Amino acid sequence: MFKLQVVNNVPLTSISDINTVAETFLIQIGYISDRYNPRTLTMNIRDSIPYRLFMDYLVSNPSKAWSIEELSTLLKTSKPTVYRYIDRLKMLDFLEVVDVKYKEQPRKGYRIRFGDLTKAWKFTVENVNMAIENYGKTVEHFQLLANKRREGLDDY
Numbered sequence: 174m175f176k177l178q179v180v181n182n183v184p185l186t187s188i189s190d191i192n193t194v195a196e197t198f199l200i201q202i203g204y205i206s207d208r209y210n211p212r213t214l215t216m217n218i219r220d221s222i223p224y225r226l227f228m229d230y231l232v233s234n235p236s237k238a239w240s241i242e243e244l245s246t247l248l249k250t251s252k253p254t255v256y257r258y259i260d261r262l263k264m265l266d267f268l269e270v271v272d273v274k275y276k277e278q279p280r281k282g283y284r285i286r287f288g289d290l291t292k293a294w295k296f297t298v299e300n301v302n303m304a305i306e307n308y309g310k311t312v313e314h315f316q317l318l319a320n321k322r323r324e325g326l327d328d329y
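Quick look at the structure:
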């Protein structure tokens, strides 16, 4: 499933602090809730598991594929927690799955699609375009059905 939150925004190009850009962007696209309420002793978003997963591991090493077990150990959290945030990034189509080894065992690894955030975003944009096109077809069909209903041509 593809899922992206779209909000009215201005480009963050005037901001030079990467953490401010990342935090704002990740909230805007729906990866992190603007009402983020950590279940840990974390006091702010930048210390949170989803933020650190994205910034400290995936963005800092975009071509490296990380296993869930490895991320769980590094982030000092449970595997289900890591899966929750990996799944959110997969819904945005930011990630690709690559075979990796963890402690000599084959595992699924996750990394930024194409090892490049800009290229991954282009993939996300294509999904948005397809979704918008499909919404348009649905609206046209809906309007046709509404017209028929108004004209009494349908038993609705």
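If you're matching positions, the sequence shown starts at 174 in my numbering and goes up one per residue.
Ideal Cβ placement from N, Cα and C applies to all residues, glycine included.
Note that the coordinates shown come from a computational prediction; the quantities given were computed from them, not determined experimentally.
Query	Result
Whole beta strand (DSSP E) elements within the stretch 223 to 294, 3-residue minimum	268 to 275 and 278 to 285
Where the alpha helix (DSSP H) through residue 191 begins and ends	191 to 201
Among 325, 222, 201 and 318, the one whose alpha carbon lies nearest that of residue 253	222
Three-pair Cβ contact test at 8 Å for the stretch 253 to 268 versus the stretch 236 to 245	yes
Close Cβ partners of residue 296 (< 6 Å) along its chain, the five nearest in sequence each way excluded	266 and 286
Buried versus exposed call for residue 293 [16 or more other C-beta atoms within 10 Å across all chains shown]	buried
Nearest to residue 191 (by Cα), restricted to the options 208, 219, 175 and 207	219
Where residue 324 falls, given that 16 or more other Cβ within 10 Å makes a residue buried	exposed
Status (buried if at least 16 other CB within 10 Å, exposed otherwise) for residue 309	exposed
Assigned exposure category for residue 313 - 16 Cβ within 10 Å defines buried	exposed
Contact the stretch 190 to 208 vs the stretch 221 to 241: 3+ CB pairs below 8 Å	yes
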